[in-house]
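Peer 1:
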Amino acid sequence: MELVSQYIITGILTGGIYALLALSIVLVYKSTSVINFAVGNMAMVASYICWSSLVQLEFPAWLSIPLAIGIAALIGMGVERLFLRPLIGQPILASMMVTLGLLLFFYGVANLVWGSLWHPYPKLISVEPLYLFGVSISRMHLLAFCIGLALLGILSYFFYRTRAGLNMRAVAEGQDLARSAGVNVKRVFSQAWALAAVVGAIAGILLAMITTLTLDIGELGLKAFPVIILGGLDSILGAVVGGIIIGVLENLSGAFLDPIFGGGVKEVAPYAIMLLVLLFKPYGLFGLVRIERI
Amino acid sequence: MLPCGTYNATYAKDMAIVRTKTQWGLTIGGLILLFCLPLFTPSSILSILIIMGITIISVHGLNILTGLCGQLNFGQAAFMGVGAYTCAYLMIQGIPWPVALICGALMSGLIGLVFGLPSLRLKGFYLAMATIAAQFILSYTFVHLTKFTRGSLGLAVPIVHVGDIALKSEASLFWLIMAFMVIMTFFAKNIMRTRAGRAFVAIRDNDLAAEILGINLTYYKCLAFFVCCFYAGVAGSLWAFYFHVLVPEHFTFMDSIWQVGMLIVGGMGSTLGVMLGVVFIRAISEGIAVLSPKLASIFPQVGGGMGGATGGSFFIALGSMLFGLIIILFLIYEPRGLAHRWEIFKATYRLRPFPY
Numbered sequence: 092m093e094l095v096s097q098y099i100i101t102g103i104l105t106g107g108i109y110a111l112l113a114l115s116i117v118l119v120y121k122s123t124s125v126i127n128f129a130v131g132n133m134a135m136v137a138s139y140i141c142w143s144s145l146v147q148l149e150f151p152a153w154l155s156i157p158l159a160i161g162i163a164a165l166i167g168m169g170v171e172r173l174f175l176r177p178l179i180g181q182p183i184l185a186s187m188m189v190t191l192g193l194l195l196f197f198y199g200v201a202n203l204v205w206g207s208l209w210h211p212y213p214k215l216i217s218v219e220p221l222y223l224f225g226v227s228i229s230r231m232h233l234l235a236f237c238i239g240l241a242l243l244g245i246l247s248y249f250f251y252r253t254r255a256g257l258n259m260r261a262v263a264e265g266q267d268l269a270r271s272a273g274v275n276v277k278r279v280f281s282q283a284w285a286l287a288a289v290v291g292a293i294a295g296i297l298l299a300m301i302t303t304l305t306l307d308i309g310e311l312g313l314k315a316f317p318v319i320i321l322g323g324l325d326s327i328l329g330a331v332v333g334g335i336i337i338g339v340l341e342n343l344s345g346a347f348l349d350p351i352f353g354g355g356v357k358e359v360a361p362y363a364i365m366l367l368v369l370l371f372k373p374y375g376l377f378g379l380v381r382i383e384r385i
Numbered sequence: 132m133l134p135c136g137t138y139n140a141t142y143a144k145d146m147a148i149v150r151t152k153t154q155w156g157l158t159i160g161g162l163i164l165l166f167c168l169p170l171f172t173p174s175s176i177l178s179i180l181i182i183m184g185i186t187i188i189s190v191h192g193l194n195i196l197t198g199l200c201g202q203l204n205f206g207q208a209a210f211m212g213v214g215a216y217t218c219a220y221l222m223i224q225g226i227p228w229p230v231a232l233i234c235g236a237l238m239s240g241l242i243g244l245v246f247g248l249p250s251l252r253l254k255g256f257y258l259a260m261a262t263i264a265a266q267f268i269l270s271y272t273f274v275h276l277t278k279f280t281r282g283s284l285g286l287a288v289p290i291v292h293v294g295d296i297a298l299k300s301e302a303s304l305f306w307l308i309m310a311f312m313v314i315m316t317f318f319a320k321n322i323m324r325t326r327a328g329r330a331f332v333a334i335r336d337n338d339l340a341a342e343i344l345g346i347n348l349t350y351y352k353c354l355a356f357f358v359c360c361f362y363a364g365v366a367g368s369l370w371a372f373y374f375h376v377l378v379p380e381h382f383t384f385m386d387s388i389w390q391v392g393m394l395i396v397g398g399m400g401s402t403l404g405v406m407l408g409v410v411f412i413r414a415i416s417e418g419i420a421v422l423s424p425k426l427a428s429i430f431p432q433v434g435g436g437m438g439g440a441t442g443g444s445f446f447i448a449l450g451s452m453l454f455g456l457i458i459i460l461f462l463i464y465e466p467r468g469l470a471h472r473w474e475i476f477k478a479t480y481r482l483r484p485f486p487y
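Protein chains in written order, with the numbering used here: chain U, 92 to 385; chain Y, 132 to 487.
This is the structure we're talking about:
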């Protein structure tokens, strides 16, 4: 029983990071209806930048992390301006393939600049696990989870209480309508990408601190897709709830099914869950059901 | 546009693909040249051409599904893997290779059908996610179903025999694989001209409207997935013949993206585009493979500066960076691909010296 609760707790905390990555995808999708497949690799580049500034340039953490996040935001805006704005109005395959191209591009850039070897990340907080009711909790995971919740709060505030957030919701509702109401749609697009890149960068840095810094972080980013499918493609709450559910199910299936299938179930369980969700409830738990008319 | 002096006097002429004597000459001459290549080409070039041939078959399948029917598939490499492993397993059991190849292709088609079933309800992004799930689940199966695939240890494939001749050399395999490539291209070109092909195009353009016209959506979408994965299975079986050892790393998500990218660069919905795209991307990738050891020695600090970059890692890094950029640039500046450029060139050539 204790073991099970251990798995569940670890799952919830891992889910926090998936939720952050999923949040990054949802933010872009909500306002620009582009699916960003490159989210993991953009996060990876941000965490490499943070590593370079911490270890190679020996900047303190309070400077490096905001620096990396700032550069990530610039990259996000640049990507939107250079590669996605020319494709407004094109079929969905085009924008999906562009972000898949970006995935390859950022993978190549990171490989070229930082190499394919793994780098240990400096531990900014203690690695001693906390013990709560006999369940051990990694401080890093807990921090990541708390940051995830905090970001959820900040984003909710942003979306429902500020003008820029209102603009973004308006654009998500309908681009032409928003434009005729005086919203600068292009600026909203670039804000959405910057915001998504910031959330992704935070997720990437946390992920690198929890594990190590390798090129595999980009591949981990793909696990955010089962999360958004489960939670609903355009729901911020869905991203968080989905992240936690996927995290827990992944850990439990890893624990109970590994002996049957011979290991590694953890890697594939989210995708199996995604396939089931697609078959039975394709728009997810909180997603908007779209009805098509000719 | 037709060449000068060519008229559609009969329906047969209107339907024909090869129209003029020059075209017949070029077609036959090209085929003869293709099959004479092993006589005077070094085996390093032959191996590149063989891989191009196998990839062309697989991308033809993708073209039928994505280019004609409009359904997305980001798991083509995994379906190739299904064909390859099935074919190899049957050959190890002592089943002759033509039977094994057909079984491999059918198996791949059936698995594709299973994963294509969501296409009845899903579209666009959601369907893409279902095929990505298929890719990861199948990759996992290749690694962990060790009873059949031997996982990452690699599965050794018996040598193919035609009659009493063992196809061991590069040249003999080149003939076999190119023969398949020509046959599969012939079928791919002609599928577009059949009832099924026209139904695919109708579904691509608007599936609700197609259904109202009386096209059976369920049947044709499933058929498109089956044909696509059948092609992947044939390509996978040929891959098994050529490489002799199968490891799961041959059939990754990245390879699937590469195949869709080749389709886009070549031009969707065009048989010629598939060939142009595959040859173009493979040629660039081989060019980088030749250059990268030299580049790595010129820029030793690249690759993290930790022990210096090696040719291999440089190749992977530069290759994926350039390929990503090429896909993006094509999508922005020439979404109809190289095939469209070729059409423009042909029209200009036929109209010369008039501008239009």
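Glycine included, C-beta positions come from ideal geometry on N, C-alpha and C.
Please list, in chain order, the chain U residues whose beta carbon lies closer than 7 Å to that of Gly214/Y.
Peer 2: Those do not exist, as Gly214/Y stays about 21 Å from chain U at its closest Cβ, beyond 7 Å.
Peer 1: When burial is assigned at 16 or more other CB atoms within 10 Å of the CB, is Ile116/U buried or exposed?
Peer 2: Result: buried.
Peer 1: Just confirm the distance between the C-beta atoms of Ser155/U and Leu145/U, as a whole number of angstroms; I'd bet it's less than 8 Å.
Peer 2: 5 Å
Peer 1: Verify the CB distance criterion: does Val391/Y have a CB-CB separation below 8 Å to chain U?
Peer 2: yes
Peer 1: What is the rounded straight-line gap between the Cα of Val332/Y and the Cα of Cys200/Y?
Peer 2: The straight-line gap from Cα to Cα measures roughly 5 Å.
Peer 1: Note down, one range per segment and in chain order, each alpha helix (DSSP H) of at least 4 residues found wholly within the stretch 323-368 of chain U.
Peer 2: 327-352
Peer 1: Please look up how many angstroms separate the CB atoms of Ile216/U and Leu234/U, rounded, as I've assumed it's under 8 Å.
Peer 2: 7 Å
Peer 1: Relative to the C-alpha of Gly334/U, which candidate in Ser96/U, Leu104/U, Leu94/U has its C-alpha closest?
Peer 2: Leu104/U
Peer 1: How many angstroms separate the CA atom of Ala272/U from the CA atom of Ile179/U?
Peer 2: Rounded to the nearest angstrom, the two C-alpha atoms are 19 Å apart.
Peer 1: Express the C-alpha separation of Val376/Y and Val242/U in angstroms, rounding to a whole number.
Peer 2: Per the sequence presented here, residue 242/U reads as Leu, with Val not at that position. Their backbone Cα atoms lie some 49 Å apart in a straight line.
Peer 1: Strictly under 8 Å for the Cβ-Cβ distance: is Met135/U near chain Y by that measure?
Peer 2: no
Peer 1: Are there 16 or more other CB atoms within 10 angstroms of the CB of Asp338/Y, so buried, or fewer, so exposed?
Peer 2: buried
Peer 1: Along chain Y, which residues have their Cβ under 8 Å away from the Cβ of Ala363/U?
Peer 2: Ala264, Ile268
Peer 1: For a contact defined as C-beta to C-beta under 8 Å, what are the partners of Tyr257/Y on chain U?
Peer 2: Chain U residues near Tyr257/Y: Ile320, Leu369, Pro373.
Peer 1: Near Phe280/U, which residues of its chain fall below 8 Å by C-beta distance, leaving aside the five closest residues on each side in sequence?
Peer 2: Around Phe280/U: Ser122, Thr123, Glu171, Leu175, Arg176, Val262.
Peer 1: Specify the secondary structure class of His375/Y as computed by DSSP and reduced to three states.
Peer 2: coil
Peer 1: According to the Cβ coordinates, are Ala470/Y and Ser401/Y closer than 8 Å?
Peer 2: yes
Peer 1: Residues of chain Y with CB closer than 8 Å to the CB of Gln181/U, please, in chain order.
Peer 2: Leu462, Pro466
Peer 1: Nearest-angstrom Cα distance between Pro227/Y and Gly255/Y?
Peer 2: Cα to Cα, the separation comes out at about 40 Å.
Peer 1: Tell me, please, whether the stretch 236-243 of chain Y touches the stretch 289-305 of chain Y by the rule of three or more beta-carbon pairs shorter than 8 Å.
Peer 2: no
Peer 1: I'd like to know if Ala185/U contacts chain Y, where contact means its C-beta is closer than 8 Å to some C-beta of that chain.
Peer 2: yes
Peer 1: At a CB-CB cut-off below 7 Å, which residues of chain U make contact with Gly367/Y?
Peer 2: Ordered by position in chain U, no residue passes the 7 Å Cβ test against Gly367/Y, which lies about 20 Å from the chain.
Peer 1: Using a beta-carbon distance cut-off of less than 8 Å, what residues from the stretch 126-151 of chain U approach chain Y?
Peer 2: Ile126
Peer 1: Please go through the same chain and pick out, in chain order, the residues whose beta-carbon is closer than 8 Å to the beta-carbon of Gly436/Y, but skip the five residues on each side of it.
Peer 2: Residue confidence is low: Gly436/Y scores 49 on pLDDT, short of 50, so the model does not pin down where it sits. Its coordinate-derived value is still stated next. Here the set comprises nothing.
Peer 1: Can you find the residues in the same chain that come closer than 7 Å, C-beta to C-beta, to Ile100/U, ignoring five residues on each side of it along the sequence?
Peer 2: Result list for Ile100/U: Val226, Ile228, in chain order.
Peer 1: Got a sec: is the Cβ-Cβ distance from Asn342/U to anything in chain Y below 8 Å?
Peer 2: no
Peer 1: Which residues in chain U have a C-beta closer than 9 Å to the C-beta of Met452/Y? List them in chain order.
Peer 2: Leu195, Phe196, Phe197, Tyr198, Gly199, Val200, Asn202, Leu203
Peer 1: Among Gly198/Y, Ile233/Y, Ala302/Y, which has the Cα closest to the Cα of Cys167/Y?
Peer 2: Ala302/Y
Peer 1: For the stretch 274-288 of chain U, list every residue whose C-beta sits within 8 Å of some C-beta in chain Y, in sequence order.
Peer 2: none
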